[in-house]
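Residue numbers (my numbering), protein chains in the order written: chain W, 1 to 312; chain E, 313 to 521; chain P, 522 to 1058; chain X, 1059 to 1152.
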Ligand code: HEA
Ligand code: HEA
Ligand code: CUA
Ligand SMILES: [Cu+2]
């Protein structure tokens, strides 16, 4: 469990120090204020004190309670800044990993052909994440590491950290990105260097392996977040039995019956909002025109075709 | 700042106290200024990002029409100010004439704009058109801003024109006179604002290098 | 409307009757009440949405609604609460009813414009509702309308944006009206520094409304243009800049949070002296802290964007400014406490609410400091911590300020008294429920529970459940409080003109006030808080 | 209090103001056509600001208005300038 004081990266210490200072000041002041209120209510209640004093102010006091909070907030600012400054100074030796956010899944590209849906990182090594979005804003948040940066399309935002303890930690998406925003989670897995290198070199584990290459592409593009393979209805229509099926779709011209064939699949990927299967909502899916093309598209179509024919 | 006159209760009187009314108008102008201000911020940021593209795109605009319209607005600003002088000097007919002339200039501005926009449309260059969508990013931005800024300004010209027409009619009927000319003053202020905005739009959009 | 005893003197409630006399009235008190009824209705409906969201979250996974519904729900909840309830809220209700009276005027400077703003407000509110039921599905962007999502989502975003735009203009016109009123309509002898502090807070607020709202107006217009004309100011696909949208949005929306809290601070500033029978401590510092909040509040918007990929320099710069804006709030808190200190404190419901205001606002404010520090904000940004922060400060601050105000001015507005015992009981339930609902959210936020999450990791189960139970208690408290008020607005005992022995102008006229407020124009000869003959039996 | 005593701007003054504005416009156009490079924008904006100030002062009678109103106008422009500057702390350093 990731609680506040179990920071698992080098950056946690600075952040937690700022937390503690601010909380301590807040706590003392809140207690003080409550105590004063209670004292006033008891001591100066109308029953006890029938003659209110009639003073109007006191310049000395005003100065005191302007200057003391001012000093305190400046110290708070200092701690906040000190904890934050290293976050933007990426060490030169940091290992770059491309983190890609799309509705509604993460994928991490290690640059050697290895693409993973969870972030696997080596212990005690500096890691830099280059953040890219393929559609709308997302936010990459690893609570245990005290890091968070928004993933904004068209921006090259980044973050870095050095994991200092082994284990599995949560990744959340913290910038609202539509329907399955809360489902856009992943894990960080911190392993030691040896294990990491082995994992990194093993392209099969997540690359095209035994499964159909088309399915691998489907998985890599997070299609399964919204389309199930088992027939259950998530956000979009299920892929089960797509090939050759007849379905009622709503097009710009009205309702129409269509058959699940190569052309239909292609259009559904490239212009997802042109034909909407009845019972589903328009506009939830972005066009994948620039993401899935050429050979990949053929592989996907082939996958549906094989899956459809296997069943028969 | 006076505290003696107050409680001018307009539920009962046709005329709002002049200081009150004028301050109201100025505050409204501040609002307008910040409305355009938002656009200026976007302009500034985008220009710093796409300086080259802005330069190219600006070449499409007709600086001559822009300059003509600047002169038209400046002159109209003067005439509306003069008509206020005329009202105060009890020269009713002159005031009407000057306001009429101002409205005429507003018309000239609109006609110019008609030709300017017409030319863009003839090139299929308007928001949402294919031509525009296929331009480089900075140029899309420039034209987007161009249409929104001049469009919003145009809207203000139209509103100003209507306001001035109302004022002209009221001068005719004597409801605006040397005693009560708050509406006239406010209408003039509004018209000057239209001019003010254009003073900035003109170099930023038409003359950019 | 007219339920006065036949012998009751004519007042603004009964001098004319019939629905139309209300809907077409330019009397500031009637317009204030119209706002009041609309705002309360909207508040209750949005509050029910809040409760439903909490019930949904009682356990992980889907319990009572789908993800799409949840997303639409927090959007509507946020839009209504922010744009319809709390931004106009105090200023439009108590500002309208009390401002002219407190400065000794017969009405606001532009009564017709005032009525017009009301209808603009009502129109905007209706458009907001329409966006829910119009063809297509309800907007699901969150109240912040961040692009590119809001530029692409298929829901009725344009309608919702139009609503926000319209409501913005209603707010601008109210602000404009108040500034001119305060400048030109003060009673003879009421110099700036003899003006009570509630009008002062409205004055500071009005400037924010006037100068910040247009920026969001034009920004929303640009998003509308983006969606309908495909221009792309903010959409990166067309070269736009999504972060620029955030700048423009928060240039307005940060100052807007002070639009919410400043009038509430003004209300409690009126309450403390009255119930202590003692002058306000530090009148001048309070005035200047209001103005300082309004001014510095313009320059801190970037603290909502610490993780957006802004430059390093602007992140720490905004953090520094954010800390500075906390100082005037601190000054106010200490002055309020000192106002009570040494007084003869009578713990009536208005004071009870005002004191809880201090407590809840302090917690909200201190957590605001946690958010203002860059390092810690990186951790808690867009988590439940933020949600707890702003519920503490908006609901606990502005909301409790509003409740304090209504309990304070109720006898003046309706000429009747509510049941004090029930008011106290309602407060107790409300206060307990409030803390139970929102405090766990601080803890969950620090642990990493993101906001706008329909579903959550089972490890947050305990906190979420406590929070849901709190919301139910909160609900009970609100019902208790509101029924007490509604019932006694018609059936309560007739209230005297000055039940709390207040000294500002509104207490010097009958309850309810006559149509034209003052029979003769009052002449002010001294400061607002002089208690020469303390009514302390 | 009422505007009976308010200042009347003479026709001649109005006309002179127009002339100055037209001259400044001409200068703006000439300057920009002269391609001063990096300075062009600065010069164009400065000239526009001067024109703006003239319109405010004379056409909009600010010269003859109360101090409070003049302060307000000045403050509003200043506020806007600060907002732009602060926005650019982000864009300039990025
Ligand atoms: C009424 C509304 C209101 C008010 C008054 C405030 C007041 C403050 N807010 Fe809050 N805020 C919101 C409403 C409000 N906020 C909302 C709605 C959001 C979320 C928007 C969204 O994303 O949906 C938000 C979000 C928000 C963020 C962004 C969080 C994020 O998204 O990551 C930040 C960051 O700095 C912040 C800071 C502050 C600060 C420093 C104050 C300060 O003004 C507080 C000052 C008060 C005090 C400090 C307490 C009193 C002082 C004392 C008792 C004296 C002792 C003091 C010292 C020793 C310093 N707020
Ligand atoms: C004034 C502001 C205000 C107020 C008062 C509230 C009140 C409440 N809010 Fe509010 N909330 C916001 C402003 C406010 N909220 C904003 C701005 C957001 C951000 C939206 C966004 O992310 O875009 C938000 C988001 C938000 C969330 C976060 C959603 C998410 O991020 O996942 C949640 C979750 O629980 C929540 C819950 C509640 C609850 C339980 C209440 C309760 O306190 C309500 C208590 C009241 C009741 C429980 C009901 C009382 C009802 C009656 C008395 C009526 C009965 C009568 C009839 C039916 C006629 N709110
Ligand atoms: Cu991705 Cu939220
Ligand atoms: Cu803020």
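Positions of the beta carbon are idealized from the N, C-alpha and C atoms, including for glycine.
Per DSSP, the bridge partner or partners of residue i
i             : result
residue 107/W : 100/W
residue 330/W : The shown model of chain W, from 1 to 312, leaves out residue 330/W, and the question about it has no answer.
residue 258/W : 247/W
residue 130/W : 98/W and 158/W
residue 138/W : 151/W
residue 277/W : 249/W
residue 163/W : 9/W
residue 116/W : 108/W
residue 578/P : According to DSSP, which records beta bridges pairwise, residue 578/P is partnered with nothing at all.
Proximity below 8 Å, CB of residue i to CB of residue j
i             : j              : result
residue 504/E : residue 1118/X : yes
residue 617/P : residue 553/P  : yes
residue 963/P : residue 911/P  : no
residue 200/W : residue 281/W  : no
residue 700/P : residue 721/P  : no
residue 49/W  : residue 865/P  : yes
residue 942/P : residue 1009/P : no
residue 177/W : residue 138/W  : yes
residue 247/W : residue 236/W  : no
residue 751/P : residue 632/P  : no
residue 731/P : residue 342/E  : yes
residue 393/E : residue 455/E  : no
residue 33/W  : residue 828/P  : no
Three-state secondary structure (DSSP) of residue i
i              : result
residue 121/W  : strand
residue 942/P  : helix
residue 47/W   : coil
residue 195/W  : helix
residue 207/W  : Its pLDDT being 44, under 50, residue 207/W is placed unreliably by the model, and nothing is read from it.
residue 1128/X : helix
residue 668/P  : coil
residue 1068/X : coil
residue 460/E  : helix
residue 510/E  : helix
residue 547/P  : coil
residue 1092/X : coil
residue 979/P  : helix
residue 801/P  : coil
Contact test: residue i Cβ vs ligand 3 heavy atom, cutoff 7 Å
i             : result
residue 223/W : no
residue 184/W : yes
residue 181/W : yes
residue 559/P : no
residue 943/P : no
Residue i Cβ short of 7 Å to ligand 2 heavy atom set
i              : result
residue 1142/X : no
residue 958/P  : yes
residue 744/P  : no
residue 599/P  : yes
residue 780/P  : no
Distance cut-off 7 Å: residue i Cβ against heavy atoms of ligand 1
i              : result
residue 898/P  : yes
residue 213/W  : no
residue 1092/P : Past the edges of chain P, shown from 522 to 1058, lies residue 1092/P, and the structure says nothing about it.
Range of the contiguous alpha helix (DSSP H) that encloses residue i
i              : result
residue 170/W  : Counting along the chain, residue 170/W falls outside any alpha helix (DSSP H), though it belongs to the beta strand (DSSP E) covering 167-173.
residue 1110/X : 1097-1112
residue 722/P  : 718-750
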